[in-house]
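Residue numbers (the working numbering): 1 to 221. Below is one structure, written out as structure tokens; the observations come after it.
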């Protein structure tokens, strides 16, 4: 998972260095190519790969947890307080299959569940790099678990939970309205899970800790 953030970070550094070099070669051309806008809002539509980095402590039967990856559409809105400081609200929902692995009962199918994880981040956007606009962000997440299918057990209950978010990405301007976007987020997320197996109840402390990698298009308004 760390390789994902490292790759994007290296990409940001590469494009930053390229833009700085171009700016030094021709400051007039740099100013000409820099997109100027007074628009405070922007919206992005992204396709996002959700990559859980899961682990669990399971009572009674031991073992670990396996949570599948997911690929989803995502919508976000950003408001700029200044040229550099902005707040972003991320909206999306993601389904995952879940199973307990390596328990004293073997692998146990825990069905599937949907996650609704609205996330609010505060961002710093770097400027003066022509059409290239890298940013970093940090914020808070609240994940709602819903529509759980218990699979091979009687019932599975997931506690809704707060988490934290870290973000790294960049926009690349096509014009003063439209732009392309690459974005990666890490969400530190844990939940308490209660499994009703019929003859016994099992509890688990589950760390999901997903990385979300998105590619998409955005517009300013």
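Glycine is no exception: its CB is placed at the ideal position from the N, C-alpha and C atoms.
| message | Among the candidates 71, 161, 106, 148, whose CA atom is the shortest distance from the CA of residue 118? | response | 161
| field | CA-to-CA distance, residue 180 to residue 255, given in whole angstroms | value | A question about residue 255 goes unanswered here, because the residues of the chain that appear run from 1 up to 221.
| residue 90 versus residue 204 - alpha carbon distance | 28 Å
| said: Using the three-state DSSP reduction, which class does residue 160 fall into: helix, strand or coil? | reply: It is coil, neither helix nor strand.
| Inter-residue Cα distance where the pair is residue 183 and residue 154 | If you take the alpha carbons of residue 183 and residue 154, they lie about 39 Å apart.
| Got a sec, what are the start and stop residues for the beta strand (DSSP E) residue 99 sits in? | 94-103
| query | Is residue 58 closer than 9 Å to residue 96 when the C-beta atoms are compared? | reply | no
| Under the three-state reduction of DSSP, which class applies to residue 64: helix, strand or coil? | strand
| Got a sec, what are the start and stop residues for the beta strand (DSSP E) residue 111 sits in? | 106-116
| Thinking just about the alpha-carbon of each residue, which of 186, 108, 190, 170 is nearest to the one in residue 62? | Ranking 186, 108, 190, 170 by Cα distance to residue 62 puts 108 first.
| task | Answer yes if the stretch 121-130 comes into contact with the stretch 190-204, meaning at least three C-beta pairs across the two stretches below 8 Å, and no otherwise. | result | no
| field | Boundaries (first-last residue) of the beta strand (DSSP E) holding residue 70 | value | 70-80
| query | Near residue 158, which residues of its chain fall below 7 Å by C-beta distance, leaving aside the five closest residues on each side in sequence? | reply | 113, 145, 148, 191, 193
| request: Indicate the three-state DSSP secondary structure (helix, strand or coil) for residue 88 in the structure shown. | output: strand
| message | Taking 9 Å as the threshold (C-beta atoms), are residue 110 and residue 150 in contact? | response | Taking 9 Å as the Cβ cut-off, residue 150 and residue 110 qualify as a contacting pair.
| query | Any C-beta of chain C sitting closer than 9 Å to the C-beta of residue 157? | reply | The question asks about chain C, but that chain is absent: this structure has only one protein chain.
| field | Bridge partners - residue 150, DSSP secondary structure assignment | value | In DSSP, residue 150 forms no bridge with anything.
| query | Can you name the start and end residues of the beta strand (DSSP E) that residue 127 belongs to? | reply | Per DSSP, residue 127 belongs to no beta strand (DSSP E) and is neither H nor E.
| So the beta strand (DSSP E) residue 40 belongs to, where does it begin and stop? | Looking at the DSSP string, residue 40 is not in any beta strand (DSSP E), and its letter there is neither H nor E.
| residue 198 - partner residues in DSSP beta bridges | According to DSSP, residue 198 bridges with nothing at all.
| Neighbourhood of residue 187 by C-beta distance below 6 Å, restricted to the same chain and skipping five residues each side | 141, 163, 165, 210
| request: Apply the 10 Å Cβ neighbour rule to residue 70 and answer buried if 16 or more other Cβ atoms are within range, or exposed otherwise. | output: buried
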